[in-house]
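Taken in order, the sequence shown gives residues 208 to 360; the numbers are from this note's numbering. Everything below concerns the one structure shown next.
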Amino acid sequence: MSTQDIASQQSRRQDQPVSTLIHEISLMVARLFNRQVKEMGLTRTQWQVLYLLYMNGEQTQTSIADSLMMAKPPLGKVVERLESAGWIARHQDTSDRRAKMVRLTDKIDPMLKSLEDLVGDIGRAATRGMSAKEAKEFYRLLKLVHANLLSEN
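Right, here's the structure in full:
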């Protein structure tokens with residue numbers, strides 16, 4: 208490949224659509240998460256369920272599925288594995304007997320610091336080279352993109 212071809216390819220790459228860039232970033236973050244949580248004996252989806260419960264407290268399986276944009280049957284299998292490991296517990300919702308409530312157990316406590324550290328490490332890796340002001344603005348813009356796309360779904 209000639210130097211001119213490489214320069215042309217790099218120029219096209221710099222002008223890639225926002226959706227492509229977001230998708231690539233998502234894949235890279237997922238790869239980092241998968242590598243790290245595997246060492247903890249978790250999958251990324253299991254970690255997402257645990258982190259969601261940690262951040263928001265007890266909730267229904269349906270609410271978890273909606274938050275993770277997952278279908279209920281695959282989420283049910285993830286929840287079963289987490290329950291078998293003792294990291295979460297389920298019980299009937301007192302206001303809706305059809306619903307199952309999910310909460311963290313005390314067994315997860317020693318792992319929470321590692322999970323928080325992981326989130327921080329990946330955030331720092333993503334914003335490396337940015338000033339604190341730029342990182343704050345980047346986060347604000349990401350939240351805006353998230354809200355915009357959430358309203359489209």
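No residue lacks a Cβ here, since even glycine has one placed at the ideal position from N, Cα and C. None of these values were measured; they are calculated from a predicted model.
Restricting to Cα atoms, I'd like to know which of Q268, E290, A333 and K350 is closest to A237. A333
By the 10 Å Cβ neighbour count, where 16 or more other Cβ atoms means buried, how is L282 classified, buried or exposed? buried
Pop quiz: W294 and I271 are said to be a contact at Cβ under 8 Å. What is the actual Cβ separation, rounded to whole angstroms? Not a contact, Cβ separation roughly 14 Å.
Would you call the segment 327-346 and the segment 292-306 in contact, with 3 or more CB pairs under 8 Å? no
Per-residue DSSP class, three states only, for L289: helix
F240 burial status per 10 Å Cβ neighbour count (16 or more: buried): buried
So what does K307 bridge to, in DSSP terms? Q299
Checking the sheet assignment: what are the DSSP bridge partners for T252? According to DSSP, which records beta bridges pairwise, T252 is partnered with nothing at all.
Going by CA-CA distance only, name the one from E323, L356 and F345 that's closest to M262. E323
Whose C-beta lies closer than 7 Å to the C-beta of R310 among residues of the same chain, with five residues either side of it excluded? L260, E265, I295 and A296
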